[in-house]
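Under my numbering, the first residue of the first sequence is numbered 6, with each subsequent residue one higher.
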Amino acid sequence: MENLLKSENNDSSVSGFSAVDPLYGFIPRKMKTQGVVKLIEGDVSLFTNKSHTPQYKKILKTRKSLPVYAQMEQFYKMYDENQIIIMVGETGSGKTTQIPQFVCYSDLPHVSGKLVACTQPRRVAAMSVAKRVADEMDVTLGKQVGYSIRFEDMTEPGTTFLKYMTDGMLLREAMYDPDLKRYSTIILDEAHERTLATDILMGLLKTLAKRRSDLKLIIMSATLDALKFQKYFSLIPGESAPLFKVPGRTHPVEVFYTVEPEPDYVEAAMRAVLMIHRAEDPGDILLFLTGQEEIEDACRKIKLEADDLVKHNPGSVGPLVCVPLYSSLPPQQQQRIFDPAPPARAGGPPGRKVVISTNIAETSLTIDGIVYVIDPGFSKQNVYNPRIRVESLLVSPISKASAMQRAGRAGRTRPGKCFRLYTEKDFMTELDEQTHPEILRSNMANTVLELAKLGVKDLVHFDFVDAPAPETLMRALELLSYLGALGEDGNITPLGAKMAEFPLDPQLAKMLIVSPEFSCSNEILTIVSMLSVPNIWIRPNYLLKQADAAKNSMTIPDGDHLTLMNVYNIYQRNKFDKNWAYMNYLSGRSLQQAENVRVQLERMMERQEIKLVSMTDEWKLSQGIRKSLICGFFMQIAHREGENDSYVTVKDDQIVSLYPSCGLNKRPEWVVFNEFVLTTRPYIRTVTQIQPEWLLELAQEYYNLSEFKNAEYTTALKRAQAKLGKRSLEIERNHNDQGGGSTSTNKGKGSKKSKKL
DNA sequence: GAGCACTGC
Numbered sequence: 006m007e008n009l010l011k012s013e014n015n016d017s018s019v020s021g022f023s024a025v026d027p028l029y030g031f032i033p034r035k036m037k038t039q040g041v042v043k044l045i046e047g048d049v050s051l052f053t054n055k056s057h058t059p060q061y062k063k064i065l066k067t068r069k070s071l072p073v074y075a076q077m078e079q080f081y082k083m084y085d086e087n088q089i090i091i092m093v094g095e096t097g098s099g100k101t102t103q104i105p106q107f108v109c110y111s112d113l114p115h116v117s118g119k120l121v122a123c124t125q126p127r128r129v130a131a132m133s134v135a136k137r138v139a140d141e142m143d144v145t146l147g148k149q150v151g152y153s154i155r156f157e158d159m160t161e162p163g164t165t166f167l168k169y170m171t172d173g174m175l176l177r178e179a180m181y182d183p184d185l186k187r188y189s190t191i192i193l194d195e196a197h198e199r200t201l202a203t204d205i206l207m208g209l210l211k212t213l214a215k216r217r218s219d220l221k222l223i224i225m226s227a228t229l230d231a232l233k234f235q236k237y238f239s240l241i242p243g244e245s246a247p248l249f250k251v252p253g254r255t256h257p258v259e260v261f262y263t264v265e266p267e268p269d270y271v272e273a274a275m276r277a278v279l280m281i282h283r284a285e286d287p288g289d290i291l292l293f294l295t296g297q298e299e300i301e302d303a304c305r306k307i308k309l310e311a312d313d314l315v316k317h318n319p320g321s322v323g324p325l326v327c328v329p330l331y332s333s334l335p336p337q338q339q340q341r342i343f344d345p346a347p348p349a350r351a352g353g354p355p356g357r358k359v360v361i362s363t364n365i366a367e368t369s370l371t372i373d374g375i376v377y378v379i380d381p382g383f384s385k386q387n388v389y390n391p392r393i394r395v396e397s398l399l400v401s402p403i404s405k406a407s408a409m410q411r412a413g414r415a416g417r418t419r420p421g422k423c424f425r426l427y428t429e430k431d432f433m434t435e436l437d438e439q440t441h442p443e444i445l446r447s448n449m450a451n452t453v454l455e456l457a458k459l460g461v462k463d464l465v466h467f468d469f470v471d472a473p474a475p476e477t478l479m480r481a482l483e484l485l486s487y488l489g490a491l492g493e494d495g496n497i498t499p500l501g502a503k504m505a506e507f508p509l510d511p512q513l514a515k516m517l518i519v520s521p522e523f524s525c526s527n528e529i530l531t532i533v534s535m536l537s538v539p540n541i542w543i544r545p546n547y548l549l550k551q552a553d554a555a556k557n558s559m560t561i562p563d564g565d566h567l568t569l570m571n572v573y574n575i576y577q578r579n580k581f582d583k584n585w586a587y588m589n590y591l592s593g594r595s596l597q598q599a600e601n602v603r604v605q606l607e608r609m610m611e612r613q614e615i616k617l618v619s620m621t622d623e624w625k626l627s628q629g630i631r632k633s634l635i636c637g638f639f640m641q642i643a644h645r646e647g648e649n650d651s652y653v654t655v656k657d658d659q660i661v662s663l664y665p666s667c668g669l670n671k672r673p674e675w676v677v678f679n680e681f682v683l684t685t686r687p688y689i690r691t692v693t694q695i696q697p698e699w700l701l702e703l704a705q706e707y708y709n710l711s712e713f714k715n716a717e718y719t720t721a722l723k724r725a726q727a728k729l730g731k732r733s734l735e736i737e738r739n740h741n742d743q744g745g746g747s748t749s750t751n752k753g754k755g756s757k758k759s760k761k762l
């Protein structure tokens, strides 16, 4: 966000352009193709006034061989005549690198003073494409061409005119400048992936295009979705937005199906690997499975079988190496996917590499040299159930689009083969065309708050490409009004506006904002940071005891939130040493990330003048921390009821168990939890003990007991209320008015409003 | 007594 503030005074005169410039006279959006070609092929850069290097000329040759380059004239014609265009270009078309450059030669950002933005769903993509394009344009990365991702702003205000960025980053910018005035053209790349951020951006930009006739939009997507986007972005009712199509350049992939459905896809996949290894030409294999355990298991078994094969028929098959790939794997081990296949034994057949991967290899990571893809047709997908407010991971059949993407991974370097472990009939009739977009599968609390901050409060009439379920929106509105982020009128409150500034879930943002009132914002900042990163605990199968012992030594028995804080503090005392983390069975990567998040959030607190305070009295501090927790998570409370130490969630009445890794040394009657997960059973994860009186004090509206149904926890809460009433009378008598944080929390005024939806 | 598809701010 700093970059936003700095870039406000984006002055075209500092970009090296002046009236005596030999190129003076070019007018934005009036460029002719021949003129552009001349400039690109000329000796002097239009954008830097410097001579092109030999390197530039060399890269230009490759650029000119890209399919998209041959269609420059056609592109400019469509671009000149339309405000919005949809573009499809398959892998290898060069669209991501070339189209933004074409746009720059038309928009002349160094003349207009405006920027061209190109969004990507992933950070690595934004970084690597920006680097490539900077090379192609003969400029230093971070000068004329840069990128902007969380924690890293590689742009120079006033100089950068072509900016690659994550879609989430552009969404953030829109919160501060809803008209996105700094941009002349916005390109949404990989729109077919339908990330939450891309979907929201599409809605905002469609509306914005009507307000800003000078803003151009290019939506780049895979072929299958083009028609949907064409209709959505139509400016004239009944008509479609124009489509610009570029052929891709990949090798053909032959697809095979099984004759009969496979009852056990893991077993079938392993057979397929060995079949390929025995019978097919050299070339590496990529096998898609659904998760870490399945992958590690398959790796072990395939290794055994392959060794067996070699033992019995030495000389007939080459060596086989299995490489697992999933996101929580340490980067160093992820790198192994790029190792070459094992060499042949003397005189024997060549070796082969098998990468067994989650969906990460479908879009995020590209492995060269893959010739065979095995696709069992499943992946794990996150599904949100608004009724019980729970997200869960389910193994589900993939979509046709996903199956095609997987097959394509076999044809990147030469013609390949894809073995689908399902029948052709099932492919045709059982698979959905597209993967359900994220917006239909997610908790929307965060997004609804962002939209409110952007001035969108009428969600029912917001022009979504695909509208989320009304119940999901209702849940989000309900939460936000109880948190005090939305007022009775549905408008964002000052508190809500503050919350929206933080890149956090609303509950976490709320708890951070109120924490100074409990004199523990320093601690809450740490806890919030730790809660925003992936699991920090590492538990290798062969070192379970050691890992658990290390964890126990850091555990605070009052609650997992406090333990997380403790771990961070020890990490800090050990000078943020990765080696210390490793020795203590902690994920260095996650801790480093928590450190980054903490720095970012601390800066944001400073800007919002939220004080960083702490207390020395340990008991008081622990109470303050837990009270802050409740201000954000009063809707995530469970009460111990019945046998087997099980708990019941308040109001939702779900029977849940403490997650096995929970560090509480006893079973407290009341707990606040961070997460409700549904795996083999319903669990609550990251749990801390609390007092019921705090609920009544800090979340009065939500804990209006007269509206509670008769339940064990209702009785217990009423008991607490009676105790509290007696105590408050005593307090009144003593004229003691040091009540604390209850004034800060919202009384949930807006809750009635949200129920109307 | 058990799990973490994948992104992003």
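Glycine included, C-beta positions come from ideal geometry on N, C-alpha and C.
Looking from the CA of C423, the closest CA among R544, T685, W585, I281 belongs to I281. DSSP places H441 in the coil class of the three-state scheme, outside both helix and strand.
Here the alpha carbon of K37 sits roughly 47 angstroms from the alpha carbon of Q598. By the beta-carbon neighbour count (other beta carbons within 10 angstroms, threshold 16), Y270 is buried.
Fewer than three beta-carbon pairs drawn from the segment 650-664 and the segment 544-554 are found closer than 8 angstroms, and the two stretches are therefore not classed as touching. The distance from the Cβ of G320 to that of T363 is about 35 angstroms, inconsistent with a contact at the 8 angstroms cut-off.
Nearest C-alpha to Y708 among P687, Q641, A474: Q641.
Counting only unbroken stretches of 3 or more residues, the beta strand (DSSP E) elements lying wholly within the segment 336-417 are 357-362, 375-380, 383-390, 395-402, in sequence order. Runs of the alpha helix (DSSP H) lying entirely within the segment 583-611, each at least 4 residues long, are 583-588 in chain order. Nearest C-alpha to L398 among A412, F383, P336, A408: F383. In the structure shown, M159 adopts extended strand secondary structure according to DSSP, grouped into three states. E680 and H644 do not touch by the CB rule: their CB atoms are close to 17 angstroms apart, not below 8 angstroms. Residue environment analysis places N649 among the exposed positions, since fewer than 16 neighbouring C-beta atoms fall within 10 angstroms of its C-beta. Per DSSP, the beta bridge partners of Q125 are T171. Judged by DSSP secondary structure, L325 falls within the beta strand (DSSP E) whose first and last residues are 325-330.
Each of M92, Q88, K63 was checked against the Cα of Q76, and the nearest Cα belongs to M92. The segment 551-563 and the segment 499-512 do not touch, with fewer than three beta-carbon pairs separated by less than 8 angstroms. Partner residues in the beta bridge of V150, as assigned by DSSP, are L146, L167. Here F678 is buried, its C-beta having at least 16 other C-beta atoms within 10 Å.
Within the model, the alpha-carbon separation for M570 versus S520 is close to 15 angstroms. DSSP lists L120 as the beta-bridge partner residues of Y188. In this structure, the CA atom of E438 is about 5 angstroms from the CA atom of K405.
With at least 16 other beta carbons inside 10 angstroms of its own, N451 counts as buried. DSSP places D289 in the uninterrupted beta strand (DSSP E) bounded by 289-293. Collapsing the DSSP output to three states places T654 in a strand. Boundaries cannot be given for Y707, as no alpha helix (DSSP H) includes it and DSSP labels it neither H nor E.
Remark: C-beta atoms of E310 and L279 approach each other more closely than 7 angstroms. Contact between the segment 246-256 and the segment 209-219 is absent, with fewer than three C-beta pairs closer than 8 angstroms. With fewer than 16 other beta carbons inside 10 angstroms of its own, H317 counts as exposed.
The residue from L314, N670, I372 with its alpha-carbon nearest to that of Q339 is I372. The beta carbons of M275 and K308 sit no closer together than 7 angstroms.
Partner residues in the beta bridge of A643, as assigned by DSSP, are T654, V676.
Between I154 and A196, the beta carbon gap of about 19 angstroms keeps them out of contact (Cβ cut-off 8 angstroms).
Ranking V676, Y718, I541, E198 by CA distance to the CA of S592 puts I541 first. Our two residues, A303 and G47, have alpha carbons roughly 55 angstroms apart in a direct line.
Relative to the Cα of I379, the nearest Cα in the group R414, Y389, A351, N527 belongs to R414.
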